[in-house]
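Structure record follows, encoded as structure tokens.
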Amino acid sequence: MTTTQDIFGVHGDALRLRSQRLTLLASNIANAATPNYKARDIDFTQALQKAQDGMSLDAAADDAMGYRIPMEGSMDGNTVELGTEQTMFAENAVRYRTTLSFLEGRIGTLMTAIRGE
103 MTTTQDIFGV HGDALRLRSQ RLTLLASNIA NAATPNYKAR DIDFTQALQK AQDGMSLDAA
163 ADDAMGYRIP MEGSMDGNTV ELGTEQTMFA ENAVRYRTTL SFLEGRIGTL MTAIRGE
């Protein structure tokens, strides 16, 4: 029996992790002016490795999540550095789109094979 893991490999998990990371980074950006807010991030490589080792994707993401250490402290205790968060968000969005494009190509190939073209 073929599973989605067989068809899409690591890319399905990578897409879900990138989506979770985008949500987290967007939350950091949205809370840039919230006193005492602590910026968080997911170590993508670590989370993906844990998922590949058999840990559930959500547990792997939670386990690989940590707080970002700011370059400069702020008076209100907020650790969000807007430029850093925006850069991380943009980089992750590009990688998300790249993974999605790969999966779209894979699905197109499968559809062609199913139709017998």
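All residue numbers for the sequence shown refer to our numbering, where the first residue is 103 and numbers rise by one. Backbone N, C-alpha and C fix where the C-beta goes; we use that ideal spot for every residue, glycine too.
Straight across, the Cα-Cα distance linking Gly-207 with Arg-120 is about 18 Å. Each residue's CA atom was taken as its position, placing Arg-199 and Leu-117 some 9 Å apart. A straight-line Cα-Cα distance of about 13 Å links Gln-151 and Asp-160. Per the coordinates, the alpha-carbon of Ile-131 lies some 11 Å from the alpha-carbon of Thr-181. Under DSSP, the beta-bridge partners assigned to Arg-142 are Tyr-169. Ala-163 and Met-177 have their C-alpha atoms some 30 Å from each other. Excluding sequence positions up to five before and after Asn-194, its CB lies within less than 7 Å of the CB of Arg-120, Arg-123, Leu-124, Leu-127, all in the same chain and listed in chain order.
Taking 8 Å as the cut-off, the Cβ atoms of Asp-115 and Ala-153 count as close.
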